[in-house]
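Peer 1: Residue numbers (the working numbering): 1 to 475.
1) Let's test the definition: count the other Cβ atoms within 10 Å of the Cβ of residue 443 and tell me whether it reaches 16, buried, or not, exposed.
2) Rounded to whole angstroms, what's the CA-CA distance from residue 69 to residue 14? Just pull it up for me.
3) Is residue 341 near residue 297, with beta carbons less than 8 Å apart?
4) Would you grab the beta carbon distance between residue 376 and residue 451 for me? Rounded to a whole angstrom, and I think it's under 8 Å.
5) If you compare alpha carbons, which of 454, 467, 128 and 9 is closest to residue 79?
6) Output the boundary residues of the beta strand (DSSP E) element that contains residue 249.
7) Closest by CA to residue 45, which one among 135, 125 and 270?
8) Pull the bridge partners of residue 449 from the DSSP assignment, please.
9) Beta-carbon separation of residue 128 and residue 58 under 8 Å?
10) Work out the CA separation of residue 241 and residue 286 for me, nearest whole Å.
11) Just the Cα atoms here: how many angstroms apart are residue 332 and residue 461?
12) In chain order, what residues of the same chain lie with their CB nearer than 6 Å to the CB of residue 315, ignoring the 5 residues before and after it?
13) Taking its Cβ as the centre, do 16 or more other Cβ atoms sit within 10 Å of residue 97, making it buried, or is it exposed?
14) Does the Cβ-Cβ distance between residue 249 and residue 235 come in under 8 Å?
15) Might you give, ordered along the chain, the residues of its own chain that have their beta carbon closer than 7 Å to the beta carbon of residue 50, omitting 5 neighbours on each side?
16) Please report how far the alpha carbon of residue 188 lies from the alpha carbon of residue 232, in whole angstroms.
17) According to DSSP, simplified to helix, strand and coil, what is residue 314?
18) So, using beta-carbon positions, are residue 64 and residue 82 closer together than 8 Å?
19) Residue 428: buried (16+ other C-beta within 10 angstroms of its C-beta) or exposed?
20) Using C-beta distances below 7 Å, list every residue in its chain close to residue 24, excluding the 5 sequence neighbours before and after it, in chain order.
21) Please identify the residue among 457, 201 and 185 whose C-alpha is closest to the C-alpha of residue 192.
22) Report, in whole angstroms, the separation of the C-beta atoms of residue 511 and residue 181, which I expect to be a contact under 8 Å.
23) If you compare alpha carbons, which of 264, 304, 465 and 310 is closest to residue 422?
24) Considering residue 227, what are the terminal residues of the beta strand (DSSP E) in which it resides?
25) Below 8 Å between beta carbons: does that hold for residue 170 and residue 85?
26) Here's the rule I'm using: 16 or more other beta-carbon atoms within 10 Å means buried, otherwise exposed. How should residue 303 be labelled?
27) Rounded to whole angstroms, how far is the Cβ of residue 392 from the Cβ of residue 371, which I believe are closer than 8 Å?
28) Among 436, 183, 71 and 470, which residue has its Cα nearest to the Cα of residue 279?
29) Could you spell out where the beta strand (DSSP E) holding residue 183 opens and where it closes?
30) I need the straight-line Cα distance from residue 217 to residue 227, nearest angstrom please.
31) If we call anything under 8 Å between Cβ atoms a contact, is residue 448 one with residue 257?
32) So the candidates are 397, 374 and 339; which of them puts its Cα closest to the Cα of residue 431?
33) What is the rounded straight-line gap between the Cα of residue 178 and the Cα of residue 284?
34) DSSP has residue 14 in a bridge; who is on the other side?
35) Which one of 134, 99, 67 and 71 has the shortest CA to CA distance from residue 87?
36) Quick one: is residue 206 buried, meaning 16 or more other Cβ sit within 10 Å of its Cβ, or exposed?
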């Protein structure tokens, strides 16, 4: 009932129902998911900030009104002040301080919600929207809020789904008279030594105007040679006006595991596309520079030799050694441990009541299968990684207590059956993880092969253990 609703919550919903706020939500939706994609510019960034800062305080106020105890005028003042202060304060900090910006994005990424948020102090002009929002908050609200709840949900969704564009790494090169520029989705770099070393670039050229489309073969101003490339394949050269071409470099496509390793270990919202993606001739040194996405750049020097150069965090890496492999497969290792606990609990299922057995089978095993099949940790990124982590956490809440109960039985058991179960469980963990390790080292080309093999081996171990241990329990 409306009469039982807290005044602060009612005021939040009423303000979200105002035509100006509904229009701001519409503008935010169109701006973030259409205008920024079709014609990104300074204006689209500011429009999104103005629209969000108008509606976000009311969404925050609704949340605080439900969480903070009390009601009445004092409660309403506290809710309004905190809502507008938090939204404006956090927005200002992440736009001004690099440390606050990095912490905010890192927290969002850890929750599986990568956001698109540039650190630009000129965005602070959008804080003026808070003054108009505060003016609306101070007014005596009407009692109806037909679209308030819908608007509240939209505020949350549009805040989380902030159209974070994929970060493909170095995709565009721009030669100039005395240096060379390189661009990723969110960063710009400059090189003055022919692409061998790079530093962050803060000049006037905007990323928005960098031509990331493949140009026709360009002509070297030095010797009139033609240079061209085929994405994901080769870089080639012609010295007879394009009649014949010579391959300068043929690139090997990284394995599926290596591609996912790049995505897992890069900050922001990384994605992988195979280079070369662009080429440019440095006018100072004559070096041919090739944009390779997440792998940085490749540089062909004047003597014909090739050098891999890192650009910021973007550099060529190999999935060699146990540490990189663990970084890629850490989620699968957790699932392997969960499988071992599940196997041990299942073989000791006689300890539980009959009705509980069915609940255990249905809930525990299905929750374990969700990240294995639907949200596999090594290949799921962005928002899906949060669902993968939540499903693993949910399974742990169920399986770990059950395992502890079974462990009590293990301590009390004077025979060797339970210790044999432990060995079988460890064997199940190792067999389940083996296909994933083979995939990570390149022996298996596709992740689905590792999933299929791991599940089949898990079923074999489960059936073998059940046949042995359940038969003994009957005897």
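All C-beta atoms, glycine included, are put in the ideal place defined by N, C-alpha and C.
Peer 2: If we stick to the structure as given:
1) Numbered from 1 along the chain shown, position 443 holds the residue referred to as residue 443. By the 10 Å Cβ count, residue 443 comes out exposed.
2) On the chain shown, residue 69 is found 69 positions in, with the first residue counted as 1. On the chain shown, residue 14 is found 14 positions in, with the first residue counted as 1. In a straight line, the C-alpha of residue 69 is about 20 Å away from that of residue 14.
3) Counting from one through the chain shown, the residue named residue 341 turns up at place 341. Counting from one through the chain shown, the residue named residue 297 turns up at place 297. Cβ atoms of residue 341 and residue 297: not closer than 8 Å.
4) Along the chain shown, read from residue 1 onward, the residue named residue 376 stands at position 376. Along the chain shown, read from residue 1 onward, the residue named residue 451 stands at position 451. Sure, about 7 Å apart at Cβ, within 8 Å.
5) Counting from one through the chain shown, the residue named residue 79 turns up at place 79. Of 454, 467, 128 and 9, the residue nearest in Cα terms is 9.
6) Here residue 249 refers to the residue found at position 249 of the chain shown. Residue range 246-250 is occupied by the beta strand (DSSP E) that includes residue 249.
7) In the chain shown, counting from the first residue as 1, residue 45 sits at position 45. Residue 45 has its Cα closest to that of 125, out of 135, 125 and 270.
8) One-based indexing of the chain shown puts residue 449 at position 449. Residue 449 pairs with nothing; no bridge assigned.
9) As a working note, residue 128 is residue 128 in the chain shown. As a working note, residue 58 is residue 58 in the chain shown. Cβ atoms of residue 128 and residue 58: not closer than 8 Å.
10) As a first step, residue 286 is located in the chain shown; it is residue number 286 there, counting from the start. As a first step, residue 241 is located in the chain shown; it is residue number 241 there, counting from the start. About 19 Å.
11) Residue 332 sits at position 332 when you count from the first residue of the chain shown. Residue 461 sits at position 461 when you count from the first residue of the chain shown. Their Cα atoms are separated by approximately 18 Å.
12) Indexing the chain shown from 1 puts residue 315 at position 315. Closer than 6 Å at the Cβ level, and outside the excluded window around residue 315, lie 296.
13) Position 97 of the chain shown holds residue 97. The Cβ neighbour count for residue 97, taken over all protein chains shown within 10 Å, is under 16; the residue is labelled exposed.
14) On the chain shown, position 249 is the one that residue 249 refers to. On the chain shown, position 235 is the one that residue 235 refers to. It is a contact, given that the beta carbons lie within the stated cut-off.
15) Residue 50 sits at position 50 when you count from the first residue of the chain shown. Its chain contains 126 and 129 as the residues whose beta carbon lies nearer than 7 Å to that of residue 50, once the 5 sequence neighbours on both sides are disregarded; these appear in chain order.
16) Position 188 of the chain shown, counting from 1, holds the residue named residue 188. Position 232 of the chain shown, counting from 1, holds the residue named residue 232. Here the alpha carbons of residue 232 and residue 188 stand approximately 23 Å from one another.
17) In the chain shown, counting from the first residue as 1, residue 314 sits at position 314. Of the three classes helix, strand and coil, the one that applies to residue 314 here is strand, per DSSP.
18) In the chain shown, residue 64 corresponds to position 64, counting from 1. In the chain shown, residue 82 corresponds to position 82, counting from 1. For residue 64 and residue 82, yes; Cβs fall inside 8 Å.
19) For this step, residue 428 is matched to residue 428 along the chain shown. With 16 or more other Cβ atoms within 10 Å, it is buried.
20) Residue mapping note: residue 24 aligns to position 24 of the chain shown, counting from 1. Contacts found: 51, 54 and 55.
21) If you number the chain shown from 1, residue 192 lands on position 192. Looking at the Cα atoms, 201 is the closest of the given residues.
22) Beyond the ends of the chain as shown, which are 1 and 475, falls residue 511; an answer cannot be given.
23) Your numbering for residue 422 matches position 422 in the chain shown. Ranking 264, 304, 465 and 310 by Cα distance to residue 422 puts 465 first.
24) Reading the chain shown from its first residue, position 227 is the one you call residue 227. It spans 226-230 - the beta strand (DSSP E) in which residue 227 sits, taken as one unbroken run.
25) One-based indexing of the chain shown puts residue 170 at position 170. One-based indexing of the chain shown puts residue 85 at position 85. No. Outside cutoff.
26) Position 303 of the chain shown, counted from the first residue, corresponds to residue 303. Label assigned to residue 303: exposed.
27) Your numbering for residue 392 matches position 392 in the chain shown. Your numbering for residue 371 matches position 371 in the chain shown. By a beta-carbon distance limit of 8 Å, residue 392 contacts residue 371. Their separation comes to about 5 Å.
28) The sequence position of residue 279 within the chain shown is 279, counting from 1. Of 436, 183, 71 and 470, the residue nearest in Cα terms is 183.
29) As a first step, residue 183 must be located in the chain shown, where it is residue number 183. Run containing residue 183: 180-183, per the beta strand (DSSP E) assignment.
30) The residue you call residue 217 lines up with position 217 of the chain shown. The residue you call residue 227 lines up with position 227 of the chain shown. Rounded to the nearest angstrom, the gap between the Cα atoms of residue 217 and residue 227 is 5 Å.
31) For the purposes of this step, residue 448 is taken as the residue at position 448 of the chain shown. For the purposes of this step, residue 257 is taken as the residue at position 257 of the chain shown. Not closer than 8 Å, so no.
32) As a position in the chain shown, residue 431 is number 431, starting the count at 1. Comparing Cα-Cα distances from residue 431 to each of 397, 374 and 339, the minimum goes to 339.
33) The residue you call residue 178 lines up with position 178 of the chain shown. The residue you call residue 284 lines up with position 284 of the chain shown. One C-alpha to the other measures close to 6 Å.
34) Numbered from its first residue, the chain shown carries residue 14 at position 14. As DSSP reads the structure, residue 14 sits in no beta bridge.
35) Here the question's residue 87 lines up with position 87 in the chain shown. Selected option, being the one with the closest Cα: 134.
36) As a working note, residue 206 is residue 206 in the chain shown. Residue confidence is low: residue 206 scores 47 on pLDDT, short of 50, so the model does not pin down where it sits. Its coordinate-derived value is still stated next. When all chains shown are included, residue 206 counts as exposed.
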